[in-house]
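Residue numbers (our numbering): 66 to 394.
Think of the CB as a built atom: it goes at the ideal place given N, C-alpha and C, for glycine as much as any other residue.
One structure below.
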């Protein structure tokens, strides 16, 4: 509406007004440097007027036409990946912390100082067991293709509406972590309540359950699968099994041969499968209901790509939300 109104005017005077909106400034000369520095994001064009704008900017490019892919493609990808990775990193750490939390830990040990996990497990969970899958998926996972993002500029509005990261998603993620941590912790305790199995064996089950759970949770959200994605997700699970077996094979450490004694029973593997399925089931149901009954613009375009890019995306049209819809904070 503002563009239509300005097009009918012979003269337009732009007045400065300080707002809380995030702004982007683009310029190619020295006179544009103050504007670029004042904006939240500055883009400098290298050209005949020198490099002053480039030196003061956050992003530099050779021509104005590169601004379209910078915003509509790379800007969209970056927001979607960053929003998901923030939630996922909260998720993998909170799941482990809730299991270790005193309200779970002290009720079963009578406030004793013995540690149920292997000493290396909590320390290296985010460094060894889940770091590579997080990095690889965060870099390679793209929700939509370039051609789709260029064809439908309205998809850029998903970032303005905070669809990838908001308070509602954060709250749902925390509720999901609470449920999953309770399932992983309490299910083995109830199953082995009257048995003679030691604490170290249950600790191995907790360690394996956490690593398998967070990696399968990540795999459920992967959109673009590459060979390296398969390797890091599966390799992280295999590496955890190997490390647990190696640690339990050292005679001087507590829990010597605990994994081998517990893994020799069918109950151990049944519990491992059961807690993973039970923990992931609510997330899977909510994800299915949300995508099937309440799809957003990104989900609709993603399904159009799966059906057939040339048949649907090129020839058809997708009705989308207004790009300036009220943000969901």
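Note: residue 115 is bridge-paired with 112 in the DSSP secondary-structure output. Within the model, the alpha-carbon separation for residue 221 versus residue 334 is close to 46 Å. In this structure, residue 246 keeps its C-beta atom at 8 Å or more from the C-beta atom of residue 336.
Between residue 137 and the set 213, 123, 73, 198, the nearest pair of CA atoms involves 213. The shortest CA-to-CA distance from residue 243 to any of 160, 131, 132 is the one to 160.
Inter-residue distance for residue 129 and residue 110 is about 7 Å (C-alpha atoms, whole angstroms). Excluding its 5 nearest sequence neighbours in each direction, residue 77 has C-beta neighbours in its own chain below 8 Å: 71, listed in chain order. In summary, residue 250 is buried, with 16 or more beta-carbon neighbours lying within 10 Å of its beta-carbon over all protein chains present.
Distance from the CA atom of residue 305 to the CA atom of residue 121, rounded to whole angstroms, is 47 Å. With a beta-carbon spacing of about 5 Å, residue 269 and residue 324 fall inside the 8 Å limit used to define contacts.
Counting only unbroken stretches of 4 or more residues, the alpha helix (DSSP H) elements lying wholly within the region 87–147 are 98–103, 117–120, in sequence order.
Here residue 345 is buried, its C-beta having at least 16 other C-beta atoms within 10 Å. Under the criterion of beta carbons closer than 8 Å, residue 207 and residue 289 qualify as touching, at roughly 5 Å. Closest option to residue 328, judged by alpha-carbon separation, among 142, 313, 341, 317: 313. Spanning the alpha carbons of residue 142 and residue 225 requires a straight line of approximately 13 Å.
Judged by DSSP secondary structure, residue 352 falls within the alpha helix (DSSP H) whose first and last residues are 331–358. Separation of residue 255 and residue 368 (C-alpha to C-alpha, rounded to the nearest whole angstrom) is 42 Å. Contact check for residue 107 and residue 90: beta-carbon distance about 5 Å, within the 8 Å limit, so the pair qualifies. Per DSSP, residue 198 is one residue of the alpha helix (DSSP H) stretching across 196–205. A straight-line Cα-Cα distance of about 20 Å links residue 115 and residue 103. With respect to the 8 Å criterion, residue 217 and residue 366 are classified as neighbours on the basis of their beta carbons. Where residue 327 is concerned, the enclosing alpha helix (DSSP H) starts and stops at 323–328.
With contacts defined as CB atoms closer than 8 Å, residue 301 and residue 197 qualify as a contacting pair. Spatial neighbours of residue 340 in its own chain (CB-CB distance under 6 Å, excluding positions within 5 residues in sequence) are listed in chain order as 248, 249, 252, 274. When C-alpha distances from residue 309 are compared across 322, 148, 299, 297, the shortest belongs to 322. For residue 69, the enclosing alpha helix (DSSP H) covers residues 67–72. Under the criterion of beta carbons closer than 8 Å, residue 147 and residue 235 do not qualify as touching, at roughly 14 Å. With a threshold of 16 other beta carbon atoms within 10 Å, residue 88 falls short and is exposed.
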